[in-house]
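Read the structure below first, then the notes.
Residue numbers (the numbering used here): 2 to 379.
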């Protein structure tokens, strides 16, 4: 359920009582299959000596463990209900058994819903770290200042989640903020939490440069690129032109005086990346990594576009040009247009402290849509 201070105008409201009132009944056979697979992985982990297999088994084990915990809890409740049902005809125990069965029945919808969510197919990139790209859009100096606000919002959100943030490249603006900033965010499940942030973010406020007190509308674009462990996109450095140059910036001590920045251009696609830390060696490695991620992301967006019709009811459309959110300072509200969610706590959200209220709602909406699709598919 949405937290207090929320206006939610769309017809597809996320409300736990609604979602759990008519849960999907998960067949016992499917639950048993999940547990059997987990137990097989456990047994194999204690038997194999192959290093690569041990690493893969460890990942599979970590992914399945919370699912199996939920499944076993559901299995336990179902088994207990069967045991109690056998006691209903007992003159002494029947009344008590009936009460306990009803209590367990009351728990069942929520348990079924929780396990249904756990069993939803995972995006293979959900556990990946990301590269976050923020660029000033329409609005001149104010757009650059807003881009800086967005970066600090995400950096704080990352800190709260104990993720690591490293700036890959930045182009500072004269009046503050960034024309563009690219940062790596690493940690467990980063992409799964951040993937719905891609798109156009719009701000409505009186800019610091405005002398008449008029409200302006500016925008910045956000792109979230997953960093999968194995990227197989037919990449070859033979298709890449590498240039070295001095780092760009607003001026002063932050600008490198040597040609340490690296620009890589993927000739077949025209994709360009720039890394401008102090070490040219590190910049080369990071630029190659980032270029692979950009190319992977292009392929991912192409696949998403092909699936657009079947995914049109879901939050993630793959369209990076979509206006997804408005930050209205005069009214103190943040509105996510994809799910009709409005929160009147702009300062806390922009500070990053309560951005989770928006992100959690987006994840819940996506889960609800996918559950509905799973039920429709039978």
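C-beta atoms are modelled at their ideal positions from N, C-alpha and C, and glycine is treated no differently.
Predicted model only: the values in this text are computed from it and were never measured.
The segment 68-84 makes contact with the segment 27-39, as at least three CB pairs between them are under 8 Å.
Take residue 68, set aside five residues on each side of it, and the residues of its chain with a beta-carbon closer than 7 Å to its own are 35, 119 and 120, in chain order. In the pairwise beta carbon analysis, the segment 179-186 is classified as touching the segment 122-138: at least three pairs are separated by under 8 Å. With a contact defined as Cβ atoms closer than 8 Å, residue 94 and residue 88 qualify at about 5 Å. Boundaries of the beta strand (DSSP E) harbouring residue 262: 262-267, taken from the DSSP string. Cβ contact annotation for residue 169 (same chain, cutoff 8 Å, sequence separation greater than five): 132, 183, 184, 185, 276, 278, 287 and 291, in chain order. Counting of Cβ neighbours within 10 angstroms places residue 336 among the buried residues, the total reaching 16 or more. Shown here, residue 93 sits in coil according to DSSP, grouped into three states, outside any helix or strand. When the beta-carbon positions are compared, residue 200 and residue 324 come within less than 8 Å of each other. The Cβ atoms of residue 217 and residue 208 sit closer than 8 Å to each other.
In the DSSP assignment, residue 208 falls outside any alpha helix (DSSP H) and carries neither an H nor an E. Approximately 4 Å separates the beta-carbon atoms of residue 206 and residue 330; this is inside 8 Å, confirming the contact.
DSSP, read as helix, strand or coil, puts residue 67 in helix. Judged by DSSP in its simplified three-state form, residue 352 adopts coil rather than helix or strand.
Comparing C-alpha distances from residue 29 to each of 45, 76 and 374 shows the shortest one belongs to 76.
DSSP places residue 246 inside the beta strand (DSSP E), whose first and last residues are 241-246. Spatial neighbours of residue 61 in its own chain (CB-CB distance under 7 Å, excluding positions within 5 residues in sequence) are listed in chain order as 42. Nearest neighbour of residue 127 by Cα position, chosen from 187, 191 and 139, turns out to be 191.
When the alpha-carbon of residue 239 is set against those of 267, 27, 295 and 148, the nearest one is in 267. Per DSSP, the continuous alpha helix (DSSP H) segment holding residue 31 begins and ends at 29-46. By the CB criterion at 8 Å, residue 264 and residue 244 fall inside the cutoff.
Scanning its chain for C-beta atoms nearer than 7 Å, with the 5 sequence neighbours on each side dropped, one finds around residue 116 the residues 27, 71, 72 and 75, in chain order. For residue 217, DSSP records a beta bridge to 206. Distance from the Cα of residue 355 is smallest, within the candidate group 161, 150, 296 and 269, for 161. Residue pairing by DSSP puts residue 336 in a beta bridge opposite 327 and 343.
With a threshold of 16 other beta carbon atoms within 10 Å, residue 143 meets it and is buried. Judged by beta-carbon spacing, residue 351 lies within the 8 Å limit of residue 150, meaning their Cβ atoms are closer than that value. Separation of residue 55 and residue 65 (C-alpha to C-alpha, rounded to the nearest whole angstrom) is 15 Å. Rounded to whole angstroms, residue 341 and residue 123 show a C-alpha spacing of 25 Å.
When 361, 139, 110 and 92 are compared, the shortest CA-CA separation from residue 158 is found for 361.
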